[in-house]
Amino acid sequence: MIDLEPAARDDWYALARIEDVPRSGLDTRLLGRPVRVARAQDGTIVAFGPDGERLATTIAYGHVFASLGAPGKPLFAIPEFEEADRRLATCGAVRVRASGLRLVENFLDMAHFPFVHTDLLGIEERPEVPDYEVEIRRDIDEVIATRCRFWQPRAAAHAEGGQMSEYVYRVATPFNVLLYKTCPSDPARVDVIGLLVQPLEEDLSAAFAFVLVVDAVSSTTNIIRFQQTIFLQDRIILENQRPRLLPLSPRAEIPTRADLSSVAYRRRLKEKGLRFGTLERDGRAAP
Ligand SMILES: [Fe+2]
C-alpha cells in the first residue's frame, strides 16, 4: 500500500449516495484502502477506515462523505442547497477506469462539448471556446473559472431550443467539482451540477453526479437520464485517455487557450503536494 500524502489523506471524499447504503453496510475503497460505510440502529451513517477506526464523516448533498485523515476544514459549502424550490437529482455511482483527477479535468473542459456531446452541449459548427477567466483562490483553496460561455443546443433536461450558456466552474477540492450554469427556465438563477469523485485506486474512480436545479417541469427520471447520457459519453473518452494518471508537469501535455482551467487546476494540485492519481510519484514522473 502506498503512503498517502496529507493533501490526499486529509480531504473529503464522497463514498456513496445516502440511499445506496444498505442496513447491512457497504464495503468500498478510498485512496487504495478498504473502507466501510455503516448504518447504525438509529439510521446514523458512519464510515470506518482500514483498521476499523471511525473516520470523520459528513452527510450532505444526498451523499456520504468521509476523510481518511484529519480534514483541516468542514466539507465545502453549497449554499444553493438551502433554497427550498430547488430539486436534487442524484445519479448514483458510475465506475470509470481513470484517475479521478482526469474526471475533474474533463468536467472543466468545454472544448470537447461539440465533439463528445454533439447536439446536446455543443454543435460541431460552433466549436470555439470564447475567452474566460481562471483564478487560483488560495485564500479559500479553490480554483474558479468565470465568464465561461458556450452555445448549447440542449443545455439541460428542461431546455427547449438552444441557449448561450454561461458557466462558472468551481473546483472545491481536487476530487470535487461544481458547475453553476444558466438555468433555461429562469435566466436570473443558476442550476448547480456537481461531480463528486471517489478515488477507489489511483487509476480507478467512482463518479457521483448530481444536479440541483430550478426545474418544475422535468421528472426526476428525465433529469437523471439526461445527466447519465452526458456522463456515459464522457466515460468512453476518459477510459481511452493515456496515461490514466494525470501528469502535472507543465510540459507533459501542451496547453491551448481553451485549457486555461486545466493549467490552473494542475498547478494547484502541484502546489498542494497532491500525488495520488498523478504521474508525479517518485520514479514514475513523465519524461
Ligand atoms: Fe463531457
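Take -17 as the starting number for the sequence shown in our numbering and just add one per residue.
All C-beta atoms in this analysis are idealised placements derived from N, C-alpha and C, irrespective of residue type, glycine included.
None of the values given here were measured: they were computed from a predicted structure.
Asked, Found
"What residues in its chain sit with their C-beta under 7 angstroms from that of residue 200, if we drop five residues either side in the sequence?", "139 and 140"
"Looking at the structure shown, is residue 256 part of a helix, part of a strand, or coil, going by DSSP?", "coil"
"What did DSSP end up calling residue 269 once you bin it into helix, strand or coil?", "Confidence at residue 269 is low in this model, with a pLDDT of 40, below 50, so its placement is unreliable and the value that follows should be read with caution. Three-state result, residue 269: coil."
"Does residue 230 come out as helix, strand or coil in the three-state DSSP assignment?", "coil"
"Is residue 241 a contact residue of ligand 1, with contact defined as CB to any heavy atom under 7 angstroms?", "no"
"Does residue 267 pass the burial test, meaning 16 or more other C-beta atoms within 10 Å, or should it be called exposed?", "No answer about residue 267 holds up, because its pLDDT of 47 lies below 50 and its placement is not dependable."
"Name the residue from 214, 22 and 32 whose alpha carbon lies nearest to the alpha carbon of residue 13.", "32"
"Pick out whichever of 142, 137, 97 and 92 has its Cα sitting closest to the Cα of residue 281.", "In the structure as shown, the chain begins at -17 and stops at 269. Residue 281 is therefore absent and cannot be evaluated."
"Span of the beta strand (DSSP E) holding residue 169?", "168 to 183"
"Is it the case that the segment 208 to 216 contacts the segment 40 to 54, given that we only count it when at least three CB pairs across the two stretches are under 8 angstroms?", "no"
"Using 8 angstroms as the threshold, is the C-beta distance between residue 246 and residue 116 below it?", "yes"
"Is the segment 64 to 80 in contact with the segment 104 to 118, if contact means three or more CB pairs nearer than 8 angstroms?", "no"
"If you measure from the CB of residue 195, is any heavy atom of ligand 1 nearer than 7 angstroms?", "no"
"Can you tell me whether residue 37 is helix, strand or coil according to DSSP?", "coil"
"Could you tell me the distance, in whole angstroms, from the CA atom of residue 154 to the CA atom of residue 193?", "16 angstroms"
"With distances taken Cα to Cα, identify the nearest neighbour of residue 176 among 44, 123 and 227.", "44"
"Does the distance between the C-beta of residue 159 and the nearest non-hydrogen atom of ligand 1 fall short of 7 angstroms?", "no"
"For residue 108, which option in 114, 185 and 133 has the closest C-alpha, if you only look at C-alpha atoms?", "133"
"State the start and end residues of the unbroken beta strand (DSSP E) segment that holds residue 221.", "That residue, residue 221, is in no beta strand (DSSP E); its alpha helix (DSSP H) goes 202 to 222."
"What does the alpha-carbon distance come out to for the pair residue 68 and residue 165?", "11 angstroms"
"Quick one: what's got a C-beta closer than 7 angstroms to residue -1's C-beta in the same chain, skipping five residues either side?", "44, 45, 72, 74 and 190"
"Give the straight-line distance between the Cα atoms of residue -10 and residue 188, rounded to the nearest whole angstrom.", "16 angstroms"
"Let me know the secondary structure DSSP gives residue 9 once reduced to three states.", "strand"
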